[in-house]
Amino acid sequence: MTMPRAGREGRAGEQLPHPLVSSAAAPLKGTCDVPGDKSISHRALMLGALAVGETRIRGLLESADVAATAVALRALGVAVEPEEDGSWRVHGVGVGGLAEPDGPLDLGNSGTAVRLFAGICASHAFTTFMTGDRSLRSRPMGRVIEPLERMGARFEARSGGRLPLAVIGACDPMPIDYRLPVPSAQVKSAVLLAGLNAPGKTRVVETVPTRDHTERMLRRFGAQVDIEVEGEGGSAVTVVGYPELGPCALTVPGDPSAAAFPLAAALIVPGSDLTIRNVGVNPGRIGLIETLREMGASIETGPVSEQGGEPVADIAVRAGSLRGVEVPAARAPGMIDEYPILSVIAACADGTTRLNGLAELRVKESDRLEATAAGLRAAGADVSEREDGLDIVGHGGPPPGGGPVATHMDHRIAMAFLVLGMASGKPMTIDDGSMIGTSYPGFVADMNRLGASIAAG
Ligand code: S3P
Numbered sequence: 011m012t013m014p015r016a017g018r019e020g021r022a023g024e025q026l027p028h029p030l031v032s033s034a035a036a037p038l039k040g041t042c043d044v045p046g047d048k049s050i051s052h053r054a055l056m057l058g059a060l061a062v063g064e065t066r067i068r069g070l071l072e073s074a075d076v077a078a079t080a081v082a083l084r085a086l087g088v089a090v091e092p093e094e095d096g097s098w099r100v101h102g103v104g105v106g107g108l109a110e111p112d113g114p115l116d117l118g119n120s121g122t123a124v125r126l127f128a129g130i131c132a133s134h135a136f137t138t139f140m141t142g143d144r145s146l147r148s149r150p151m152g153r154v155i156e157p158l159e160r161m162g163a164r165f166e167a168r169s170g171g172r173l174p175l176a177v178i179g180a181c182d183p184m185p186i187d188y189r190l191p192v193p194s195a196q197v198k199s200a201v202l203l204a205g206l207n208a209p210g211k212t213r214v215v216e217t218v219p220t221r222d223h224t225e226r227m228l229r230r231f232g233a234q235v236d237i238e239v240e241g242e243g244g245s246a247v248t249v250v251g252y253p254e255l256g257p258c259a260l261t262v263p264g265d266p267s268a269a270a271f272p273l274a275a276a277l278i279v280p281g282s283d284l285t286i287r288n289v290g291v292n293p294g295r296i297g298l299i300e301t302l303r304e305m306g307a308s309i310e311t312g313p314v315s316e317q318g319g320e321p322v323a324d325i326a327v328r329a330g331s332l333r334g335v336e337v338p339a340a341r342a343p344g345m346i347d348e349y350p351i352l353s354v355i356a357a358c359a360d361g362t363t364r365l366n367g368l369a370e371l372r373v374k375e376s377d378r379l380e381a382t383a384a385g386l387r388a389a390g391a392d393v394s395e396r397e398d399g400l401d402i403v404g405h406g407g408p409p410p411g412g413g414p415v416a417t418h419m420d421h422r423i424a425m426a427f428l429v430l431g432m433a434s435g436k437p438m439t440i441d442d443g444s445m446i447g448t449s450y451p452g453f454v455a456d457m458n459r460l461g462a463s464i465a466a467g
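Offset between the sequence shown (1-based) and the working numbering: plus 10.
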C-alpha cells in the first residue's frame, strides 16, 4: 500500500506481524475507546475537499483505507494535512474544482474510497485512473459504472467491471433519477456525489435503508438534500446540483464496526464488564446491537449526544449466556460489516443462529460467507453455508479453537477470529494480521490492554 508522506499517517501503515495467535484472555473490565468511524472519515475528507475553504476534522480514523483517500485527494489537487493537535486540515477547492491527477489513484483495500471517488470524478471533465490491492481489484465496480454512465461519464474496466478502472468524466454531466438495484450506501453516495457537479436534481431511491452518512454530512456542509419516504420503509434522497459547500469543523464518532470487536470479546469472555465510549449509534449502523439483544446480551446504551451531525453514545456490555436467533435479511444493510464477528458470537451461543440475505458478503474484502464458515470450522464449530447465508449451531460456550484461519486479505475476518481466540479453549491462529491496519490500527495493542493475549504466531 502506498502510504502518504506526512506525519501520523505512518501509523496507518503499521505492519502487524503475520501470522497472529490469540490465547485465553482475562475478563475485559473498565472503559475503552475505538478509532474514528471509517465511513464518516472518508466522507469528511472528500466533502472537505469539495467545500470552499478550510475544513477541520477531529477524531479522523488514521488507518490505511482513510490514508488512501487522503493521498488520492492530494493527487486531485487538494491540500490535506495533519495538525499538531491531532486534527486534520483540508483546503477545499469547491464543487467542480478538482484537478486531473497525473498518475493512477491507488485506493489500496478500500471499496468505499474507490466507489465514492468514481462518483466524484465522473462529473469532473478529466480522466482518472484507479486501482487498488489484489482484494480490491477483484471486487465488482459495475454497480457504480452503470448509474454514472447514465450521468454522462465513460468507463474502461477489466472483465466483470473490475479495477484498474479509467473514469472519463462527463463534460456536461446530467442529473438522474436512480433506483438502487442493490442496497448499497456506496452506490447511493457515488451517485449523490456525482450529482453535486451536475445541474438540477439528482435523486436516488432505496427500497431498503442503508447508512445515511453522506446525506447527513452533505447537509452539514450546506448542500440541499431532501429525503422523502418511498414505498414501505424505503426512501428517496434528492441532492440539488452546484451547491456552494461551506467548510466545517467536524468530530468523527467512534466506529460501531470497530467497537463490535471489543463488544463481542466482552460478551464471550466470562466475567467481562466493559464500557465502550463515544460510539456512533446511527440507526443505519446498529443492527448488531439489536441482534445481540435478541440473543439475550446485556448491552446498555447511555444518553445519546450529537457529534458531527451523527448520534453518539457510550455502550456498556456484560458477559453472559446467549441464545441463537434468526436474523432477517432486511437487517443486513444495518450490520453489513458485522456478520463475521456476529458469527463468532453465534458459535458461542446455545442453539442455532440463522443468518439470511447475505449474498453481498460474497463481494466484500473477501468472500465473507466462505471465509467465516471456513474459520468457524477451523475452530471446531458446526456451520453450514448457503448461497446467501450461514447456519451456525452454537456450541453452548466457545468452540474448541485452533486454526490457522485463512483471512484472505480481510481485516474483519482477521479481527473476528482473534476475538474468538480470547475465549476458546485452545488458542486461535490467523494466517495474516497485516490488513487489520486498514480499519483498526492499534487493534492488537488495544485488545491486549483490555486483557487479550495476542502475539506474533
Ligand atoms: C460503506 C458501505 C458498506 C460497507 C462498507 C462501508 C460506506 O458497503 O460494507 O464497509 O462507507 O458507504 P456497501 O454500501 O457496498 O454495502
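For each residue, glycine too, the CB sits at the ideal point set by N, CA and C.
For F165: DSSP bridge partner residues: As a position in the sequence shown, residue 165 is number 155, starting the count at 1. F165 pairs with V177.
Where Y6 falls, given that 16 or more other Cβ within 10 Å makes a residue buried: Since the displayed the chain opens at 11 and closes at 467, residue 6 lies outside it and no answer follows.
Distance between P451 and L260 (C-alpha atoms, nearest Å): Residue mapping note: residue 260 aligns to position 250 of the sequence shown, counting from 1. Residue mapping note: residue 451 aligns to position 441 of the sequence shown, counting from 1. Those two C-alpha atoms are separated by around 21 Å.
Any 3 or more C-beta pairs closer than 8 Å across the region 287-295 and the region 39-52: yes
Extent of the continuous alpha helix (DSSP H) run through M425: On the sequence shown, position 415 is the one that residue 425 refers to. Unbroken alpha helix (DSSP H) run through M425: H421 to G431.
Buried/exposed call for A389, threshold 16 Cβ in 10 Å: Position 379 of the sequence shown holds residue 389. When all chains shown are included, A389 counts as buried.
Alpha carbon of K198 to alpha carbon of P183, nearest angstrom: Position 188 of the sequence shown holds residue 198. Position 173 of the sequence shown holds residue 183. Each residue's Cα considered, the two are about 17 Å apart.
A135 - containing beta strand (DSSP E), residue span: As a first step, residue 135 must be located in the sequence shown, where it is residue number 125. Counting along the chain, A135 falls outside any beta strand (DSSP E), and DSSP gives it neither H nor E.
Straight-line Cα distance separating I130 from A275: For this step, residue 275 is matched to residue 265 along the sequence shown. For this step, residue 130 is matched to residue 120 along the sequence shown. Using only the alpha carbons, I get a separation of about 38 Å.
Residues that DSSP places opposite E320 in a beta bridge: To locate residue 320, count along the sequence shown from 1; it is residue 310. Partner(s): Q317.
Distance cut-off 6 Å: A462 Cβ against heavy atoms of the ligand S3P: Within the sequence shown, residue 462 is the residue found at index 452, counting from 1. Not under cutoff, so the answer is no.
Inter-residue spacing [alpha-carbon to alpha-carbon] between L365 and G344: The residue given as residue 365 occupies position 355 in the sequence shown. The residue given as residue 344 occupies position 334 in the sequence shown. The alpha-carbon atoms of L365 and G344 are separated by roughly 13 Å.
Neighbourhood of G330 by C-beta distance below 6 Å, restricted to the same chain and skipping five residues each side: Your numbering for residue 330 matches position 320 in the sequence shown. Here the set comprises S308.
7 Å Cβ shell around T12 - same chain, five flanking residues per side excluded: Along the sequence shown, one-based indexing puts residue 12 at 2. Confidence at T12 is low in this model, with a pLDDT of 33, below 50, so its placement is unreliable and no value can be given for it.
Beta-ladder partner(s) of K211, from DSSP: As a position in the sequence shown, residue 211 is number 201, starting the count at 1. K211 is bridged to V250.
Cβ-heavy atom distance, A342 to the ligand S3P, below 6 Å: Here residue 342 refers to the residue found at position 332 when the sequence shown is read from its first residue. No, since every heavy atom of the ligand S3P falls outside the 6 Å radius drawn around the Cβ of A342.
Inter-residue CB distance, P272 and L460 (contact presumed, cutoff 8 Å): To locate residue 272, count along the sequence shown from 1; it is residue 262. To locate residue 460, count along the sequence shown from 1; it is residue 450. That belief holds up - the Cβ atoms of P272 and L460 are roughly 6 Å apart, short of 8 Å.
Identity of the residue in A426, D398, E397 and D401 nearest G411 by Cα: As a working note, residue 411 is residue 401 in the sequence shown. Comparing Cα-Cα distances from G411 to each of A426, D398, E397 and D401, the minimum goes to A426.
S444 to D43 span [Cα, whole Å]: Stepping through the sequence shown from its first residue, residue 444 is reached at position 434. Stepping through the sequence shown from its first residue, residue 43 is reached at position 33. So the two alpha carbons sit approximately 22 Å from each other.
Identified DSSP bridge partners for R66: Working through the sequence shown from its first residue, we reach residue 66 at position 56. Bridge partners of R66: R99 and A259.
Alpha carbon of G20 to alpha carbon of G361, nearest angstrom: Taking the first residue of the sequence shown as position 1, residue 20 is located at position 10. Taking the first residue of the sequence shown as position 1, residue 361 is located at position 351. Its pLDDT being 32, under 50, G20 is placed unreliably by the model, and nothing is read from it.
Same chain, Cβ closer than 7 Å to R387, five either side skipped, listed in chain order: For the purposes of this step, residue 387 is taken as the residue at position 377 of the sequence shown. Here the set comprises V393.
Stretch-stretch touch, CB-based, cutoff 8 Å, three pairs: the region 318-329 with the region 220-232: yes
Cβ-heavy atom distance, Q317 to the ligand S3P, below 6 Å: Within the sequence shown, numbered from 1, the residue matching residue 317 stands at position 307. Not so, every heavy atom of the ligand S3P lies at least 6 Å from the Cβ.
Own chain residues within Cβ distance below 8 Å of T137, not counting five before or after: By 1-based counting over the sequence shown, the position of residue 137 is 127. Result list for T137: E110, A176, V177, I178 and G179, in chain order.
R333 to P409 span [Cα, whole Å]: Numbered from 1 along the sequence shown, position 323 holds the residue referred to as residue 333. Numbered from 1 along the sequence shown, position 399 holds the residue referred to as residue 409. Looking at the two C-alpha atoms, the distance is approximately 15 Å.
Span separating the alpha-carbon of V192 from that of E348: The sequence position of residue 192 within the sequence shown is 182, counting from 1. The sequence position of residue 348 within the sequence shown is 338, counting from 1. Rounded to the nearest angstrom, the two C-alpha atoms are 18 Å apart.
C-beta atoms of P150 and V354 nearer than 7 Å: Position 140 of the sequence shown holds residue 150. Position 344 of the sequence shown holds residue 354. No, the pair does not count as a contact, with Cβ atoms beyond the cut-off.
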